[in-house]
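Here is the structure we will look at, set down as structure tokens.
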Amino acid sequence: MIDHIVLVKFSETTTQDQLQQVVEKFRALRNHLVGIVDLQAGLNFSEKNQGYQIILTVRFENKAALEAYGPNPEHQAVAAYIKEVGRIDSIVVDMEI
Numbered sequence: 001m002i003d004h005i006v007l008v009k010f011s012e013t014t015t016q017d018q019l020q021q022v023v024e025k026f027r028a029l030r031n032h033l034v035g036i037v038d039l040q041a042g043l044n045f046s047e048k049n050q051g052y053q054i055i056l057t058v059r060f061e062n063k064a065a066l067e068a069y070g071p072n073p074e075h076q077a078v079a080a081y082i083k084e085v086g087r088i089d090s091i092v093v094d095m096e097i
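Throughout the sequence shown, residue numbering follows UniProt numbering, covering 1 to 97 in sequence.
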């Protein structure tokens, strides 16, 4: 299995409603992707967040499922929305478990 973890930082002009929309769009990906074992998304409340407001964790069955995730049209639509509402930076890590 593969754990895919994403932290996303947004501009100061991104509203709380837009952040919540991002979380909801991330959660909806579960219904459109093959090979997902678990998917969690939420707002980062840690005081050590370094400005990263949203966390996405996806557990995939294998590397093939992870590789299919990136080009998936539903994932691409979420990525476009994130950019539209002010994504500044993101950190992505993947590990085999």
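Glycine included, C-beta positions come from ideal geometry on N, C-alpha and C.
query, result
"Cut-off 7 Å between Cβ atoms - residues of its own chain near T14, not counting five sequence neighbours on either side", "V85 and G86"
"Residues near I5 by beta carbon distance below 6 Å, same chain, minus five either side", "T57 and V93"
"Top-ranked residue by Cα proximity to A28, from L19, G35, Q40 and Q18", "Q40"
"Test item: CB-CB of I97 and R59 under 9 Å", "yes"
"Opening and closing residue of the beta strand (DSSP E) in which R87 lies", "R87 to E96"
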